[in-house]
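A short write-up of the structure that comes next.
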RNA sequence: GCCCAUGUAGCUCAGUCGGUAGAGCACAUCCUUGGUAAGGAUGAGGUCAGCGGUUCAAUCCCGCUCAUGGGCUCCA
């Protein structure tokens, strides 16, 4: 982020802290950094804050800003700072100071408020021009759920009023694109508390969208040498014990009992794929073996994290497990990255990559982890692809490359991931016969391209703002009459369209044309065919195009060809 | 799971300082057959999230549960 903007925001967070301390004596301040979207400050305040408090605080902030109080930096010995903050009763600051190793620390003072802070800050509160407090939230001290929960106040700040206003307008735009809003408006899906939290019910148009994605996926996987497999939803508990899931992933799993035998409902698809591999003796000649499944998994996500389609408890991954020789790792990983690149280009997503390394809870030897991490890193390095390291964030069985999409308005979403696994082949004693006749251990890659179809759909809805490209639009063409006389003509057009595989609907209601058009526009349907007396007599079409313009006097045949062409080229 | 807020018709929301509720859109019927973003009339529709408590009386007050939203932690 822009250094200046960062300073503005950081100073605004101090301004807020000062206002809060003014208004609510006894509040303890924790930390208050600038963040990508603004700033926050965490407070320890027993009664907690309410929305009304935000207004009061904001008002006080304006007063302090108007008073134009100088912000002064002071350097002191760490021990002196500890003494000072102890005296002030700011125990969180003392806690922070105790984990700082430097001899000297800096503080910033504005009027009656002094904060431990590295800085930099603006010279005076009068330089803070444009800010707004946005929301309240709970946040654990130091981000650890075992610690006390503090109250966090989020706000945003900009160097000038116009930028602030633009940002608030942007937030409105984000709201309009919200997939939960659009999911309802476009009648794509619902989530019902009668059915259960985090469980998605697809309505016809949403199910069609999903089917289109699945169809796309199957074709793309076939093109790249994947084999389709299908496994069961529940597998015996012993399998999950053997794989390490029971040990490392139990809190996310559901269990059930059938005839006194314990089963685990799958949270991942790998075990069945492993069983397919194990079903025969494998030769080095047939590797890599790529098993693909649109596999539905159930994960017990904590109730507080569920979010529309983005975070659910049952979802379907475009999952594959690739069994290969160690010498094939580089090429295969690269192949997956190319696959992801191809697919994301089609949807119009940019993306960034991260490598996640060994987490605390994990299986496998140190050497294997090192080999696996190296394999992933080496591919990205050799291709000159930039990435960041996300330490300790790997899967329990192996490190991974996480791919974060950037959508149309710049937000990032984690969808695709590539995980390198030496551990499960070991645990399930997988092998192949190598060219020298010896039994050897294959490596396993776990990978998804779109990730979870639910999340991907959510991202797609927001990315396109509900305005799907023709090839993904559940309804591609709406055919409407002007008066009842054109009913049969509309039906003829409709029949011809669906016969040719065009996804069409008719609007034959006894309503004014302007109403029908409005509703089609609201539903963001790519094409509207308007059939009145003129068109019926001349046997032509008048087509209104979603993105502007009109096709006049076009023949039905030409129109169908146009739609088909647009569909195959995925424009 | 934790913190805060919210839950009223299919949807978006009013409302009742405690006396069992209202609008717009959607839906149904009728009138209207209208050429590019909302024609008109009438009607139907709600155990005010669920369960307890306080009260003569609870949609409203209190408690619990569930769900949703904003976050924290976690993740595809």
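Residue numbers (the working numbering): 7 to 577. Beta carbons: idealized from backbone N, C-alpha and C, even for Gly.
Note that the C-beta distance between residue 402 and residue 380 is not below 8 Å. The three-state secondary structure of residue 416, taken from DSSP, is coil.
The alpha carbon of residue 389 has as its nearest neighbour, out of 414, 347 and 127, the alpha carbon of 347. Relative to residue 423, the option among 412, 440, 362 and 292 whose CA is nearest is 362. Going by C-alpha positions, residue 371 is about 10 Å away from residue 377. Residue 354 carries a coil assignment under DSSP once its states are collapsed to helix, strand and coil. Check the Cα spacing between residue 158 and each of 59, 357, 356 and 130: the tightest is with 59. A Cβ-Cβ distance of about 5 Å is found for the pair residue 258 and residue 306, placing them in contact under the 8 Å criterion. Within the same chain, and ignoring the five residues on either side of residue 350 in sequence, the residues whose Cβ sits closer than 7 Å to its Cβ are 357 and 411. In the DSSP assignment, the residues bridged to residue 233 are 297.
Rounded to whole angstroms, the separation of the alpha carbons of residue 234 and residue 365 is 31 Å. Using a Cβ-Cβ distance cut-off of 8 Å, the region 405 to 421 and the region 465 to 472 are in contact, since at least three pairs of beta carbons, one from each stretch, lie closer than that value. Residue pairing of residue 449 in beta bridges, as defined by DSSP: 330. The beta carbon of residue 186 sits closer than 6 Å to the beta carbons of 314 from its chain, once the five residues preceding and following it are set aside; these are given in chain order. The alpha-carbon separation between residue 557 and residue 483 amounts to approximately 13 Å.
Just measuring C-alpha positions, the residue of 85, 563 and 494 sitting nearest residue 543 is 494.
Our two residues, residue 90 and residue 457, have alpha carbons roughly 51 Å apart in a direct line.
Taking each of 576, 214, 274 and 141 in turn and checking the Cα distance to residue 45, the smallest one comes out for 141.
Excluding its 5 nearest sequence neighbours in each direction, residue 477 has C-beta neighbours in its own chain below 6 Å: 573 and 576, listed in chain order. Residue 81 is bridged by DSSP to 112. For residue 141, the uninterrupted beta strand (DSSP E) run begins and ends at 136 to 146, by DSSP.
Judged by their CB atoms, residue 499 and residue 485 are nearer to each other than the 8 Å cut-off. Distance from the CA of residue 327 to the CA of residue 266, rounded to the nearest whole angstrom, comes to 31 Å.
A direct Cα-to-Cα measurement between residue 209 and residue 195 gives close to 5 Å. Inter-residue distance for residue 436 and residue 221 is about 32 Å (C-alpha atoms, whole angstroms). In this structure residue 66 is not in contact with residue 163, their Cβ atoms being roughly 15 Å apart against a cut-off of 8 Å. Non-local beta-carbon contacts of residue 203 in its own chain, meaning distances under 8 Å to residues more than five positions away in sequence, involve 197, 309, 312 and 319 in chain order. In the same chain as residue 382, and ignoring 5 residues on each side of it, the C-beta atoms closer than 8 Å to its own belong to 339, 361, 405, 406, 407, 424 and 426, in chain order. Judged by DSSP secondary structure, residue 505 falls within the alpha helix (DSSP H) whose first and last residues are 493 to 505. For residue 99, the closest of 115, 108 and 121 by C-alpha to C-alpha distance is 121. Under the DSSP assignment, residue 550 falls in the beta strand (DSSP E) whose first and last residues are 547 to 551. The secondary-structure analysis by DSSP pairs residue 268 across a beta bridge with 263. Inclusion of residue 280 and residue 434 in the CB contact set at 8 Å is warranted, their separation being smaller than that value. Beta-bridge pairing by DSSP links residue 425 to 406 and 452. Every alpha helix (DSSP H) of 4 residues or more that sits fully in the region 9 to 73 is shown, in chain order, as 9 to 29 and 57 to 73.
Distance between residue 70 and residue 10, taken at the CA atoms: about 21 Å.
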